[in-house]
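When you line the sequence shown up against the numbering used here, it's residues 628 to 845, in that order.
Glycine included, every Cβ here is placed at the ideal spot set by N, Cα and C.
First comes the structure, then the notes that go with it.
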Amino acid sequence: MPCRILLADQSPLFRAGLRALLEQKKDFVVVGDTGDAMAAVSLAEKLKPDIVVLDMSGELDSQQALQELFIRVPGSRVLMFSARSELDHVMNCLQLGAHGFLLKNAPVVELEQALQTLRGGGQYLCSAVLPMVIGQALKHSRKRTTAQAPAQPLTTRQLEILRLIARGETTRSIADGLGLSIKTVEAHRSQIMHRLQIHDVPGLVLFAVREGIIRLND
Numbered sequence: 628m629p630c631r632i633l634l635a636d637q638s639p640l641f642r643a644g645l646r647a648l649l650e651q652k653k654d655f656v657v658v659g660d661t662g663d664a665m666a667a668v669s670l671a672e673k674l675k676p677d678i679v680v681l682d683m684s685g686e687l688d689s690q691q692a693l694q695e696l697f698i699r700v701p702g703s704r705v706l707m708f709s710a711r712s713e714l715d716h717v718m719n720c721l722q723l724g725a726h727g728f729l730l731k732n733a734p735v736v737e738l739e740q741a742l743q744t745l746r747g748g749g750q751y752l753c754s755a756v757l758p759m760v761i762g763q764a765l766k767h768s769r770k771r772t773t774a775q776a777p778a779q780p781l782t783t784r785q786l787e788i789l790r791l792i793a794r795g796e797t798t799r800s801i802a803d804g805l806g807l808s809i810k811t812v813e814a815h816r817s818q819i820m821h822r823l824q825i826h827d828v829p830g831l832v833l834f835a836v837r838e839g840i841i842r843l844n845d
């Protein structure tokens, strides 16, 4: 089944171009589009898309729309699409719970990668902002105290899965590579998040870098 996508962007020309691009791909189908962030919430309730591509230009409306999507359409994943790459802006999107962040000047191949990652249950940070986000985490990690360390250590298998998650592997690719079911990988990921008290995949990436589980050039 193709991945069902809802587009929400202020620019009609941009939406038309993105729709035309995605409709050339057999893995995706655009089920609707709108120029208003809050209207996207109502459309998502009706259409139940797999992914909502949400423009972040109208920031306040987009923030509210993102929060409403989680409440009213929890089954849809959200890829934030933005022309802005400032650290505060990116971090705000992640803290609001976006499943992915992509710059509008990203190459087409990265858009496809982001959509496939979200479709597979993963989260995605575009390559242009990932080093900046990791750098911010490393800066703040110096303030971390031993009292903040996880109470329960990770098992060898959990460390292996965390390393793969941090490298950007999707749930499906991890399952295939380790000979596990997708449900088993998801269960491990849930246990990792519980033990580390980290509740999003970008946060797991930052933890893995900070603790030396992966290196920036891995």
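The beta strand (DSSP E) with residue i in it runs from where to where?
i      : result
Leu781 : Premise fails: Leu781 is in no beta strand (DSSP E) and is neither H nor E.
Val656 : Phe655 to Thr661
Residue i lies in the alpha helix (DSSP H); which residues open and close that run?
i      : result
Ile819 : Ile809 to Leu823
Gly804 : Thr798 to Leu805
Arg746 : Val735 to Arg746
So, helix, strand or coil for residue i, using DSSP?
i      : result
Asp677 : coil
Val705 : strand
Asp604 : Residue 604 is absent from the model: the chain starts at 628 and stops at 845.
Arg631 : strand
Leu723 : coil
Arg771 : The predicted model places Arg771 with a pLDDT of 46, which falls under 50 and marks its position as unreliable; any figure quoted below should be read in that light. It is coil, neither helix nor strand.
Rounded to the nearest angstrom, what separates residue i and residue j at their Cα positions?
i      : j      : result
Glu796 : Lys675 : 26 Å
Val828 : Gln818 : 13 Å
Ile825 : Leu831 : 7 Å
Arg816 : Arg704 : 17 Å
Ser689 : Ala635 : 9 Å
Ser800 : Glu787 : 13 Å
Arg789 : Leu807 : Reading off the sequence, residue 789 comes out as Leu, not Arg. Rounded to the nearest angstrom, the two C-alpha atoms are 15 Å apart.
Leu805 : Phe708 : 32 Å
Thr772 : Leu714 : At Thr772 the pLDDT is 41, less than 50, meaning the model places this residue with poor confidence; the figure from the coordinates comes in the next sentence. Taking the straight line joining both Cα atoms gives about 24 Å.
Ile841 : Ala814 : 22 Å
Arg679 : Arg784 : The question names Arg, but residue 679 in the sequence shown is Val. Straight-line Cα distance between these residues: approximately 33 Å.
Glu650 : Asp677 : 15 Å
Gly644 : Val812 : 36 Å
Given a cut-off of 8 Å, decide if residue j and residue i are closer than it, judged by their beta-carbon atoms.
i      : j      : result
Leu752 : Phe655 : no
Ala666 : Leu681 : no
His726 : Leu706 : yes
Arg699 : Val668 : yes
Ala671 : Leu729 : no
Val735 : Leu648 : yes
Ser760 : Ser712 : Note on residue identity: the sequence assigns Val, not Ser, to residue 760. Contact: no.
Glu737 : Ser754 : yes
Val733 : Ala793 : A small fix is needed here, since residue 733 is Ala in this sequence, not Val. Cβ atoms of Ala733 and Ala793: not closer than 8 Å.
> Does the region 734-754 come close enough to the region 780-788 to have 3 or more Cβ pairs within less than 8 Å?
Replying inline: Taking 8 Å as the limit for Cβ pairs, the verdict is that the region 780-788 does not touch the region 734-754.
> Three or more beta-carbon pairs under 8 Å between the region 653-670 and the region 712-731, yes or no?
Replying inline: no
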